[in-house]
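> Before anything else, here's the structure in question.
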Amino acid sequence: MTLKKISDFNGLRNKRRKFNLRRRKQNVLAKIFYRLRSLLLWLVIGTCLIPIISTGYINLATSSDRYRSSAQIPHEDVAIVFGAGLSADGTPSPMLADRVESAVELYQNGRIHKLLMTGDNSMISYNEVMAMKRFAHDLDVPTQDITLDYAGFSTYESCYRAHQVFDVHRAVVITQNYHLPRAVYTCRQLGVNAVGLGTPDREIYGLRGMIPYLLREMLANVKALSDIYLTRPHPTFL
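If you're matching positions, the sequence shown starts at 1 in UniProt numbering and goes up one per residue.
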């Protein structure tokens, strides 16, 4: 074999080696890309499923403790009314007004005897619970039957403080239907044997208007389970 043929043969062999090496690298990169893509897909699926599963679980766990009519509510001493924002003039938002009106109806029908208004008073200029108290008083609820929790900054904190600060062991919780399962579940897990009265939401505000609330609630359900079973944080004020 001449030197030229040997050189050509070695050159061809080197080219094949480089080609095979490049091909192996491409295969490795393809496998890595495939695995990363699969992992990303599972992460996306998990991210979507976790809120759905959490919401389904909380709804199922509280299904026998939630009511839509005040006539179905068992007699209890206290109703916990959750804050839901204020209008620009400082009066209760439409959703909050619905909650207070439902609580007042229970009070006037003799199914409850005290109202615990829980909401946000984190700023001097923003006082949910005082607005709730004034609204209930205007509907003929005596002020001595209204207790205010100024530090109910979340459903979790409201339930926690109801039990630990205000010594509530049994209660009717009052909020919109979309929020009711989480409110009942959280209170029950934090020591308040709660049943819930749901005020209308989609019937009044329409499905389109409720979509942001429903999506937010699904994420809030995940956080609720995390707070209850993993972190158990103390309220901002205790």
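Beta carbons are placed, not taken as given, at the ideal position from N, Cα and C, and that holds for glycine.
Just to confirm, are Val165 and Val195 a CB contact at a threshold of 9 Å?
Here residue 165 is taken as the residue at index 165 of the sequence shown, counted from 1. Here residue 195 is taken as the residue at index 195 of the sequence shown, counted from 1. The answer is no: Cβ separation not under 9 Å.
> Considering only C-alpha positions, which residue in the set Val104, Val78, Arg68, Val168 is nearest to Arg134?
Counted from its first residue, the sequence shown places residue 134 at position 134. It is Val104 whose Cα lies nearest to the Cα of Arg134.
> My output table needs one value for Tyr126: the three-state DSSP class, helix, strand or coil.
For the purposes of this step, residue 126 is taken as residue 126 along the sequence shown, with counting starting at 1. In the structure shown, Tyr126 sits in a strand (DSSP, three-state: E or B).
> If you reduce the DSSP assignment to three classes, tell me which class Glu203 lands in.
The residue labelled residue 203 in the question sits at position 203 within the sequence shown. If DSSP states are grouped into helix, strand and coil, Glu203 belongs with the helices.
> Output needed for Leu219: all residues of its chain with C-beta closer than 8 Å, excluding positions within five of it in sequence on either side, in chain order.
The residue you call residue 219 lines up with position 219 of the sequence shown. Within the same chain, Leu219 has close Cβ partners Pro51.
> Bridge partners of Asp149, per DSSP?
Position 149 of the sequence shown holds residue 149. Asp149 pairs with Thr118.
> For Arg22 and Leu41, I'd like the C-alpha separation in whole angstroms.
Indexing the sequence shown from 1 puts residue 22 at position 22. Indexing the sequence shown from 1 puts residue 41 at position 41. Each residue's Cα considered, the two are about 28 Å apart.
> Going by CA-CA distance only, name the one from Gln176, Pro92, His113, Asp149 that's closest to Asp138.
Within the sequence shown, residue 138 is the residue found at index 138, counting from 1. Nearest C-alpha to Asp138: Pro92.
> Mapping DSSP to helix, strand and coil, what is Val172?
Numbered from its first residue, the sequence shown carries residue 172 at position 172. Strand, per DSSP.
> Excluding the 5 residues flanking Glu217 on each side, which residues of the same chain have their C-beta closer than 8 Å to its C-beta?
Position 217 of the sequence shown, counted from the first residue, corresponds to residue 217. Only Thr55, Tyr178, His179, Arg182 meet the Cβ criterion.
> How big is the Cα-Cα spacing for Pro235 and Phe33?
Within the sequence shown, residue 235 is the residue found at index 235, counting from 1. Within the sequence shown, residue 33 is the residue found at index 33, counting from 1. Looking at the two C-alpha atoms, the distance is approximately 45 Å.
> Could you have a look at Ile80 and say whether DSSP puts it in helix, strand or coil?
Residue numbering aside, residue 80 sits at position 80 when the sequence shown is read from its first letter. Reduced to three states, the DSSP call for Ile80 is strand.
> Does DSSP put Tyr178 in a helix, a strand or coil?
Start at 1 with the first residue of the sequence shown, and residue 178 comes out as number 178. In the structure shown, Tyr178 sits in coil (DSSP, three-state: anything other than H, G, I, E or B).
> Pull the bridge partners of Leu162 from the DSSP assignment, please.
Here residue 162 refers to the residue found at position 162 when the sequence shown is read from its first residue. Residue identity check: residue 162 is Ala in the sequence provided, not Leu. According to DSSP, which records beta bridges pairwise, Ala162 is partnered with nothing at all.
> Please report the distance separating the alpha-carbon of Leu230 from that of Ser87.
Reading the sequence shown from its first residue, position 230 is the one you call residue 230. Reading the sequence shown from its first residue, position 87 is the one you call residue 87. Going from the Cα of Leu230 to the Cα of Ser87 covers about 35 Å.
> Just to confirm the assignment, what range does the alpha helix (DSSP H) spanning Arg99 have?
Walking along the sequence shown from the start, residue 99 turns up at place 99. Its alpha helix (DSSP H) spans residues 94 to 108.
> Which partner residues of Leu238 appear in the DSSP bridge assignment?
Indexing the sequence shown from 1 puts residue 238 at position 238. The partner list for Leu238 (beta bridge, DSSP) is empty, contrary to what the question assumes.
> Expressed to the nearest angstrom, what Euclidean distance is found between the alpha-carbon atoms of Gly83 and Val184?
By one-based count along the sequence shown, residue 83 stands at place 83. By one-based count along the sequence shown, residue 184 stands at place 184. The straight-line gap from Cα to Cα measures roughly 15 Å.
> Leaving out five residues on either side along the sequence, give the residues of the same chain with a beta carbon under 6 Å from the beta carbon of Tyr213.
The residue given as residue 213 occupies position 213 in the sequence shown. These residues qualify, in order along the chain: Tyr178.
> Distance check for Thr175 and Arg111, CA to CA, integer angstroms please.
Mapped onto the sequence shown, residue 111 falls at position 111. Mapped onto the sequence shown, residue 175 falls at position 175. Computed Cα separation, rounded: 17 Å.
> Near Asn193, which residues of its chain fall below 6 Å by C-beta distance, leaving aside the five closest residues on each side in sequence?
Residue numbering aside, residue 193 sits at position 193 when the sequence shown is read from its first letter. The answer, listed in chain order, is Arg170.
> So, are the CB atoms of Leu197 and Ile58 less than 9 Å apart?
Numbered from its first residue, the sequence shown carries residue 197 at position 197. Numbered from its first residue, the sequence shown carries residue 58 at position 58. Not a contact, by the Cβ cut-off of 9 Å.
> State the DSSP-derived secondary structure class of Phe9, mapped to helix, strand or coil.
Numbered from 1 along the sequence shown, position 9 holds the residue referred to as residue 9. The predicted position of Phe9 is uncertain, since its pLDDT is 48 and thus under 50; a value taken from the coordinates is nonetheless stated next. Reduced to three states, the DSSP call for Phe9 is helix.
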